[in-house]
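Inspection log for the structure reproduced underneath, given as structure tokens.
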Amino acid sequence: MAPKSRVRPAALVAASLFALSLSSVAPAHAASPSGPTPVPVKDLPAGRYIVTLADEPIAAYRGGVDGIPGTAPAPGGKVDLADADAVRYRTHLTGEHRATAASVGARIERHYSVVTNGFSADLSARQAALLAKSPGVLSVTPDTLNKVADDTNSQDFLGLTGRHGLWEALGGTEAAGRGVVIGDIDTGIWPESRSFAAAPLGAAPPTAKDPYRPYRKGDIVVMRKADGGTFTGTCQTGEEFPARACNSKLVGARFFGDAWLDMVPPERRADYVSPRDGDGHGTHTASTAAGDNGVDVTVEGQHLGKVSGVAPGAAVAVYKAFWTGKSPSDSGAMTSDIVAAIDQAVADGVDVINYSAGSIIETGPDSPVQGAFRTAAAAGIFVAAAAGNAGPDTASLDNVAPWTTTVAASTLAPYEATARLGNGATYVGGSTTVRSALGPKPLVQSEKVKTAAASTSDAALCKDGTLDPAKVAGTIVVCDRGVNPRADKSQEVARAGGVGMILVNTSDLDTSGDLHAVPTVHLNTPDATAVRAYAATDGAQASLVPGGNSGQPYPQIAPFSSRGPSTQNNGDLLKPDIAAPGVGILAAVAPASHHGHEFDFESGTSMAAPHIAGLAALYLAKHPAWSPMAVKSAMMTTASATLTASGAKSTDAFAQGAGQVQPADMLEPGLVYDSAEKEWLAYLAGLGLDTGTDVKAVDPSDLNYPSIAIGRMVGSQTVTRTVTAVAPGTYRASVSVPGVKTTVSPSVLHFSKAGQKATFTVTFQLTTGRSGDTVTGDLTWRHGRTEVRSPIVLTPWSLIAPDKVSGPAGSGSVSFEVTPGSTSLTPTARGPVAGAPVRGTVSTDDPEKYFELTVPEGTEAGQFFVTPDNPEAKLSMVVIHDPGDGHNPSIVGDLALDMTRPVVSVPSMKPGTYQVAVMTLGSQPQLGDMTFSLQSNLVGPGSTPAGGTFTVTPQRATTKPGVPLTLTASWQGVPSDRPATAYIAYPNAAGTLVTIG
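So the sequence shown is residues 10 to 1006, counted in the working numbering.
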């Protein structure tokens, strides 16, 4: 008997179908005076997609196929791909892949079977749509390009070093992470780096005195691990990467680039077709997580001290999925290559995965990458992931699934120097290159000393070739931060004969001590603005002087670090989870891409994530049977608040999550909040995703998580948590959330031994807090000196209302409930509107037609209708929004498949270019040509009135938060010749669409 199929509703099956292939659509056409109208455009090209099938992959399969027992590992165990049942089940899955692809005439590019059950293939839009509605297909997702997420010593600052540091408590640096393998999915590795120096691999198995020593067994690298399992890796050869590049520290190196190498031709690449790192990012993250201890660093004659990885005793396995192109637009990783890398890392037997990367927009927990990470976590692998570098904007993060640990970036004590201006003003900024006093020298704005051919904007950034040596020689140049790499700006200053640089932020960002080609001080606003203004004056001069103290408190969350709330989780799961050092991190890099430097300073959540990955390795070396979520909980509940710019404790949970990780406390958490795959499936079901299992949905806020978040609390709400005792004793709760009455029941928990569990509830009731304002607080369980703290984030919303309702043509009414979150409600009626129909025809031989329209500013909502002339015809429609800002186009509204009148509703519409695809999926070839009318009804400026009237009652109501209210929408005299749309607007840009006819 086959496992139960997990087929989701069509609206969820292809949430971003066709997005990859829209870049070649014809330019937008101007809207007609009567309102925006779709116009035909050329066909969309085929693209590569990842097709995920419903049956469980090897690492999650618990039986169901006749004659094949389950292959999922037991709790605390790891997947065994060499097991005969795993081999048989993999054969079963690949057979399913071939049959599914053959059903639409597609050719498979790569199979996935360990953490994801599916394949990648080049599909036309029609093939993708056919697969999306096929039984047994879970999702069809475009293969998109992903990007790496771009005390002065982080190991000292975290308390790892010294006689009383965590390393010493664990038995010394050699024992810190020993028996654990960290898999780094990134841009590869520079194997010659001194951070990975180690004994060569021999052929002799390890001895009892050295049980975790890796060795070669033919072409395979074998390493016994602390959890009793075995890692089996490969040192994959390739361009400038021989098999001997691996050693007893670097126990595996592979590369995954089928999709990227197909997309980017050789002349556009700046990388090695091998595990060798063409960027330096992967070398930096791997050495931060598990580089050797005490590596002495001197760069350009300056001694920068010694660097160490967080888990210097751990081994490293590299899975290169991210690639470097000559153009930034070509750099990154295709989703299919990332999934292949995760698949292999789990198959090899890593214990921890570091993923310092993400999508440019927040991806859902059911995306291919996050789905693969779910299975990895279920197989006992800890996943640390970067939150992203799109801060300080709200809702700007990625990697938000609960089974990953999402990491924000915090600051360290900065390297600093002083810029002293000729007017007597002094400013302290980031610097590692001002070793002796320089100046006074003439101070110039870069755009004032540009070459004749350079644009002012390029010269302001000190881009290559923009500065005139005749004007720059002997000066200190002011360069703006942004666009091109910071170190490249100083290279341009040096090329033009400049002797120093003041790098200035144009907005509030971090300052970095980069290794520059000339002495440099990096300033933030408002100091940067003052220096820029002074440099524009006649006779401006400056000196650069070693030392200085800006007095900036630390750790602060870096301005670039991405913030919550998580939109994919509807604010019901707090992300990021935790913060770690991510500003000015000194670690190994690839010299070829870093001006010959073996080590460099880098900043980003990419640098923060490997700190958490390394700490997880320390944890798993001491407690190898602990689950990934127990380890995460231990880190989160022992974290401490970061600081604000004024030095006060930060309460911004959307920036810091639980706060700054505290390694010295994490090994004694007192209690942990644990969860596993069953709880994650219930959480997914609570988000409205069909898991295809019998696991009942829970409110996502009730996931057993170390933090508490409610994204839309109306009136009151109760959440449930279960804790497991690590240390027995009596724990008492204290809780505080401003403006919200909060009750913990029971408020005292007694544990007689470790491993006991207890369940409690927390009830929140809005009192004096303002509706719509997010409030933060915390819940803390105390036992002696032990504190188990969970951050709390709640957001009361104005109301809960349906996105759309419908009623008959002509005259009629419809009543529906809304649940307000305030004491009054004033709904506003808009419309009705009805756009001009546009004609088109599809058939079995010509199954797809594409249209495009421009939606103007001020448009609130819209509906799209396809009405076939033949009432028996069934057509399909998708609507795609192209933001035009470099982000990929994406599906909006529903995916309407095989309907007699497809309708797509967009209750909150953004301005920009939209494409509409109308197609037949071939189910009615006997109907021949199917002619249809496409109609776009937009509510906003330039809308086309439909005629008739539309009202909503009551027009003003006194309400009680959390208590439902019935609204009635009524219309009179609306023409019935075509569908019309009305709209009810509420506060905060919310609304309900009303379909008439």
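The beta-carbon is built from N, C-alpha and C at its ideal position, and this holds for glycine as well. Small disclaimer: the values here were computed from a predicted structure and weren't measured.
Nearest CA to the CA of residue i: which residue from the options?
i: E425; options: V458, S466, D519 and I390; result: D519
i: L4; options: V704, A870, L629 and R798; result: Residue 4 lies beyond the residue range present for the chain, which begins at 10 and ends at 1006; the question has no answer from this structure.
i: M886; options: A63, L139, V74 and R965; result: L139
i: S745; options: A399, V753 and Y436; result: V753
i: P84; options: S636, G573, A469 and P574; result: S636
i: S642; options: G613, L627, P678 and E611; result: P678
i: I621; options: A955, S602, M644 and T789; result: M644
i: A597; options: T292, A706, G821 and D855; result: T292
i: L863; options: P920, T828, A810 and R848; result: For the record, residue 863 in the displayed sequence is Thr; it is not Leu. Among P920, T828, A810 and R848, the Cα nearest to that of T863 belongs to P920.
i: K315; options: G322, T307 and P321; result: T307
Should residue i be labelled buried (16 or more other beta-carbon atoms within 10 Å of its own) or exposed?
i: N302; result: buried
i: A654; result: exposed
i: A542; result: exposed
i: N946; result: buried
i: Q765; result: exposed
i: H312; result: exposed
i: K687; result: exposed
i: D219; result: exposed
i: V640; result: buried
i: D986; result: exposed
i: G266; result: buried
i: A111; result: exposed
Do residue j and residue i have their beta-carbon atoms positioned less than 7 angstroms apart in this structure?
i: T958; j: Q981; result: yes
i: L524; j: D609; result: yes
i: G341; j: K156; result: yes
i: V875; j: V842; result: no
i: A734; j: F760; result: yes
i: V355; j: A388; result: yes
i: V492; j: I511; result: no
i: Q550; j: P672; result: no
i: C471; j: S445; result: no
i: S649; j: P715; result: no
i: A588; j: A417; result: yes
i: Y224; j: R187; result: no
i: A324; j: V260; result: yes
i: T246; j: A252; result: yes
i: P528; j: T442; result: yes
i: G334; j: R278; result: yes
i: D280; j: W199; result: no
Name, in chain order, the residues that DSSP records as bridge partners for residue i.
i: I719; result: L803
i: M510; result: V486 and T529
i: F663; result: BP columns for F663 are empty, so no partner.
i: A597; result: F608
i: C244; result: A262
i: F391; result: V361
i: H312; result: T307
i: H792; result: T795
i: G5; result: Since the first residue shown for the chain is 10 and the last is 1006, residue 5 is missing from the structure and cannot be characterised.
i: H632; result: Partner(s): none; H632 has no beta bridge.
Can you give me the Cβ contacts of residue i inside the same chain, cut-off strictly under 6 angstroms, excluding the 5 residues immediately before and after it?
i: Y364; result: I194 and A394
i: P42; result: In this prediction, P42 scores a pLDDT of 36, lower than 50, which makes its location untrustworthy; the coordinate-derived value is nonetheless stated afterwards. Excluding residues within five positions, none has a Cβ falling inside 6 angstroms.
i: D352; result: Y121, V123 and V124
i: T1023; result: Lying outside 10 to 1006, the shown extent of the chain, residue 1023 is not represented and no answer is given.
i: D878; result: T940
i: G778; result: G748, V749 and V784
Is any non-hydrogen atom of the ligand ZN found closer than 6 angstroms to the C-beta of residue i, if you look at the structure I gave you?
i: A694; result: The model on display carries no ligand, and the ligand ZN is accordingly not part of it.
Which same chain residues, not among the five before or five after residue i, have their C-beta less than 8 angstroms away from its C-beta?
i: A526; result: A496, S499, Q500, V502, A503 and H604
i: A95; result: I67, T80, V88 and D89
i: V453; result: K480, V481, T484, I485, V486, V487, A544 and A549
i: A40; result: Summary for A40: the model assigns pLDDT 31, below 50, so the residue's position carries little reliability; its value from the coordinates is reported in the next sentence. Here the set comprises T46, L862, T863, P865 and G951.
Can you list, in chain order, the residues of its chain with a C-beta nearer than 7 angstroms to that of residue i? Leave out the 5 residues immediately preceding and following it.
i: F382; result: I351, V392, A410, W412 and T413
i: D159; result: Since pLDDT at D159 reaches only 49, below the 50 mark, its modelled position is unreliable, and the value read off the structure follows with that caveat. The answer, listed in chain order, is N398, G613 and S615.
i: V707; result: A691, Y692 and G695
Does residue i have its Cβ less than 7 angstroms from a Cβ in chain B?
i: S899; result: In the structure shown, chain B does not exist; there is a single protein chain.
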